[in-house]
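Student:
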Amino acid sequence: MIYIDEIKNIFVLTTKNTEYAFCVDNIGLLRNLYWGEKIDSIKDYEIEELVEVSTNDPVFEITKEEYPVYGGLRYKENCLKATFSDNTRDIVYKYLGYEKSDDELIIKLKDKYYDLQINLVYKLYYEFDLIERKAIIINNSKEDILLENVMSAQLHIPYENLTFRNTHGYWAAEQQEFIQNVSYGKIVIENRRGVSGHNHNPYFILDNNATETTGEVYFGALNLTGNFKGVIEQTQYGETLVQMGINDFDFLYYLSPNEKFETPEIVIGYTNKGFESMSHNMHAYANKHIIKNSNIRPVLYNSWEAMEFKVNAKEQIELAKRAKDIGTELFVVDDGWFGQRHSIKNGLGDWYVNKEKFPNGLEELIKEVKNMGMFFGIWFEPEMVNPLTELYKKHPDWVYNFDNRERNLSREQLVLNITIPEVCEYVFETLDYYLTNYDIDYIKWDVNRPISEPGAKNLLKNERSLWINHIKSVYKIVDRLKKKHPKVLFEACASGGGRIDFGMLSHFDDFWTSDNTDAYDRLFIQNTYSKIYPIKAMRAWVTDCPNFLSKRVIPLEFRFDSAMMGALGVGCNLLKMSESEIDICREKIKYYKEIRHIIQEGKFYRLDKTLKDNDYYSFEYVLDDEVILFVFLPQSKIGHRHTFIKLRGLDENSSYEFTINNENKTKSGIYLQNHGLKIKLSGDYQSMIIRLKKI
Ligand code: GLA
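For what it's worth, the numbering used here labels the leading residue of the sequence shown as 774, then goes sequentially.
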């Protein structure tokens, strides 16, 4: 709900359980008044008149501004910095008015002298206790205005000494959670690569001594891929502020007369019920408003880990038959099927079917796959080119570069400048050709290197907008393809999980979570992923052992159970598997199909407070009357103890039936939640899935 006090200029936004309030104050500043639990009493708000603390602490510094600009006596972080054509580098805004609908409020600000307008947009997701914010900068003047910094929003949290959570990591070690106490100074998380990365993720989680189920948590995630920046700062004035938006690193944008510049949205939320309620709200929001294709995800087979570049029609057909036999529903051909792609050295850009590997074209394989009633998917890395390709020989000017600098290779490839309309069109047409002429259901869209030498002469004076224009082109291509080929699902991959963000999820359907397919490492990756991002989009494969990275040997059952926590896939070399292993695959996939609606669409519970070594890890999914419990024991200590797993999200007044160790049981919801379910596993890499049903 949106409430407005027209006299005092107070705006109160309420969701089911939360409230966000701000005002236009006595000197015309847009000032935050409150963010937290729902109050629902607009008449109680007062706007305290601000008086400077000292000449060193002027009003502008101490005001909790909704969208601080660079200008006047402000030295703090700003959301907008601009230079006008006469070189004035200072913004002074005034309040123009607002526009309102049922779930959206737009606050209009304008520079007092120049025709620069700032529209701040607040969109409410009442049921999910979330608000989306973004800013639209409009040049109504007759001259260019140079934008040097544009953030999506500033947020104020009325506490000090909070705890901040985000991810660090690197290739094959994505989603490693770090937890940091916030004190004075700034915490900056960012990306400068243009194509995301495996390190920080564009979200913030700040809590005030929260646990999974208790305590206050403030959080938000940016709808942007690539160069983002987030600043978390505990100020001198007893609060913590957060700013998120486009990274100002190597960013400049000349806004032409009549042009608008829109920031990505940041979706923000508050809960006093711990991290679990944060995740539930974010997952529900993502499933309803971000993910476009809500279908249950099929079980896929992909031979990348088993075969790498050694793909050929004969073996792929053999694999597809076995993949069908074990129950997978989507057969994906990964890297290596096109051009002269025998290794990382060549092929990217020459998107023709390799005749040596597929003498009868892709048609033969696709026909086999389709005749077996499976979906067909294929890998592309559309934003890239290897210098050895025909494409590069023909169009050396199609990559980002500076005239007098080397074009640095990474994974033997360069990044196509898809901000050039012709290049963007080439990428679209290439994929469109395949989707039109072949019966393809799934595209794995990969990107395996960041941008370097970011020269894009085509953008003229706006060359430094290439970081965001690149990703906008990606979004545009995928949106166009989806419009024309609506049944096709797109998987977002970037050397594994280098592009996991709401920006991607607004356009793509699945994430390749990590090239690290070690089932034990995955428990941690998946656990952190689940904080913000929805389970449905989390692709997880079962692969061969010893694992190519960890060299660990983990029983096939545990590997399946770990991967069944997301959108299941198989990446094993099925040609080498024994009959008994094939039987396990069959059985597990059959079971997954029975329970996947609960996994992909249910509420997810991280039952462990922390994932400690040598302990039971347990996770739960609840959808209506159905419950799935996963229990893992990675390693047994001497005579490992049993544990009592206290379930959550059950109906306390009902009973649940389930089978454990071949014994049928019935227990009340209240017993399972308070007393817990006794579990005893022994040995290393042991796991168990228990399915409960309310009666
Ligand atoms: C990246 C992906 C892998 C695979 C390879 C192919 O590393 O993450 O899954 O597709 O590229 O080259």
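Heads up, the beta-carbon is just placed ideally off N, CA and C, and yes, glycines get one too.
How is R1222 classed by DSSP in three states: helix, strand or coil?
Tutor: Reduced to three states, the DSSP call for R1222 is coil.
Student: Compute the distance between the beta-carbons of N1289 and A1229, then report whether it is under 8 angstroms.
Tutor: It is not a contact, given that the beta carbons lie outside the stated cut-off.
Student: Count Cβ pairs between the region 1034-1051 and the region 905-915 that sit closer than 8 angstroms; are there 3 or more?
Tutor: Yes, since at least three Cβ pairs between the region 1034-1051 and the region 905-915 fall closer than 8 angstroms, the two stretches touch.
Student: Between P931 and the rest of its own chain, which residues show a CB-CB distance below 6 angstroms, the 5 nearest in sequence each way excluded?
Tutor: Counting only Cβ-Cβ distances below 6 angstroms, and skipping sequence neighbours, we find E1012.
Student: For I952, which residues in the same chain have their Cβ closer than 7 angstroms to its Cβ, ignoring the five residues on either side in sequence?
Tutor: If we look at I952 and ignore the five residues flanking it on each side, its Cβ neighbours are T936, R938.
Student: Quick one, which of Y1206, T987, E1137, W1077 has its alpha-carbon nearest I1090's?
Tutor: It is E1137 whose Cα lies nearest to the Cα of I1090.
Student: Alpha carbon to alpha carbon, how far is L1062 from Y898?
Tutor: Checking the sequence shown, residue 1062 turns out to be His, not Leu. So the alpha carbons of these two residues sit roughly 10 angstroms apart.
Student: Determine which residues share a DSSP beta bridge with L1341 and list them.
Tutor: Answer by DSSP bridge pairing, in chain order: A1313.
Student: For G1271 versus S858, is the C-beta distance shorter than 8 angstroms?
Tutor: It is not a contact, given that the beta carbons lie outside the stated cut-off.
Student: Does the beta-carbon of W1240, which I'm using as the reference point, lie nearer than 7 angstroms to any heavy atom of ligand 1?
Tutor: Result no, Cβ not under 7 angstroms from ligand 1.
Student: Between N1119 and ligand 1, is there a pair consisting of the residue's CB and a ligand heavy atom that are separated by less than 7 angstroms?
Tutor: No - ligand 1 has no heavy atom lying nearer than 7 angstroms to the Cβ of N1119.
Student: Under 8 angstroms by Cβ, that's how I've got M1423 and V1400 pegged, so tell me the actual separation to the nearest angstrom.
Tutor: Correcting the residue type first, residue 1423 is Leu in the shown sequence and not Met. The Cβ separation is near 7 angstroms, so the contact holds.
Student: Who sits around ligand 1, taking every residue whose Cβ is closer than 6 angstroms to one of its heavy atoms?
Tutor: Taken from the N-terminal end onward, the list reads W1077, D1107, D1108, W1152, D1219, N1221, C1266, S1268, G1269, W1285, D1288.
Student: Whether or not the region 983-1003 and the region 886-900 are in contact is what I'm after, with contact meaning three or more pairs of Cβ atoms, one per stretch, closer than 8 angstroms; do they touch?
Tutor: Verdict: no, contact absent.
Student: Helix, strand or coil: which one does DSSP assign to A1059?
Tutor: Here A1059 sits in helix by DSSP.
Student: Could you have a look at W944 and say whether DSSP puts it in helix, strand or coil?
Tutor: Here W944 sits in coil by DSSP.
Student: In the DSSP assignment, what are the bridge partners of F1001?
Tutor: Beta-bridge pairing links F1001 to I1019.
Student: Whose C-beta lies closer than 8 angstroms to the C-beta of D1214 among residues of the same chain, with five residues either side of it excluded?
Tutor: If we look at D1214 and ignore the five residues flanking it on each side, its Cβ neighbours are L1103, F1148, F1149, G1150, K1260, V1261, L1262.
Student: Tell me whether I870 is buried or exposed, calling it buried when 16 or more other Cβ atoms sit within 10 Å of its Cβ.
Tutor: Note that residue 870 corresponds to Gly in the displayed sequence, not to Ile. So G870 ends up on the exposed side.
Student: Taking P1132 as the reference, give the member of I1117, L1121, F1111, N1119 with the closest Cα.
Tutor: Among I1117, L1121, F1111, N1119, the Cα nearest to that of P1132 is on F1111.
Student: Could you please give me the residues that DSSP links to I775 through a beta bridge?
Tutor: Per DSSP, L786.
Student: Starting from S1460, follow its DSSP beta bridges and name the residues at the other end.
Tutor: Per DSSP, F1405.
Student: To the nearest angstrom, report how far apart E1330 and I1357 are at their CA atoms.
Tutor: Looking at the two C-alpha atoms, the distance is approximately 7 angstroms.
Student: When the Cα atoms are used, what is the spatial distance from L1135 to E1264?
Tutor: Taking the straight line from one Cα to the other gives about 20 angstroms.
Student: In the DSSP output, which residue or residues are listed as bridge partners for C796?
Tutor: According to DSSP, which records beta bridges pairwise, C796 is partnered with I783, R804.
Student: Quick check: I1368 and E1430, are their CB atoms within less than 8 angstroms of each other?
Tutor: No, the pair does not count as a contact, with Cβ atoms beyond the cut-off.
Student: Can you tell me whether DSSP reads E1367 as helix, strand or coil?
Tutor: Reduced to three states, the DSSP call for E1367 is helix.
Student: Compute the Euclidean distance between the alpha carbons of N1435 and R1421, then round it to the nearest angstrom.
Tutor: Using only the alpha carbons, I get a separation of about 23 angstroms.
Student: When burial is assigned at 16 or more other CB atoms within 10 Å of the CB, is V824 buried or exposed?
Tutor: Looking at its Cβ environment, which holds fewer than 16 other Cβ atoms inside 10 Å, V824 is exposed.
Student: Verify whether the separation of the beta carbon atoms of D1108 and W1152 is less than 8 angstroms.
Tutor: For D1108 and W1152, yes; Cβs fall inside 8 angstroms.
Student: Please report the distance separating the alpha-carbon of I880 from that of R1295.
Tutor: In a straight line, the C-alpha of I880 is about 44 angstroms away from that of R1295.
Student: Just the C-alpha distance for T1209 and V1142, rounded to the nearest angstrom, thanks.
Tutor: So the two alpha carbons sit approximately 18 angstroms from each other.
Student: Tell me the rounded alpha-carbon separation between A1086 and Y1125.
Tutor: Each residue's alpha carbon lies about 15 angstroms from the other.
Student: Which same chain residues end up closer than 6 angstroms to V1395 when comparing Cβ atoms and leaving out the 5 residues on each side of it in sequence?
Tutor: Only G1375, K1376, G1422 meet the Cβ criterion.
Student: Roughly how many whole angstroms lie between the Cα atoms of N860 and S1246?
Tutor: So the two alpha carbons sit approximately 31 angstroms from each other.
Student: Could you tell me the boundaries of the beta strand (DSSP E) in which W1152 lies?
Tutor: Residues 1148-1153.
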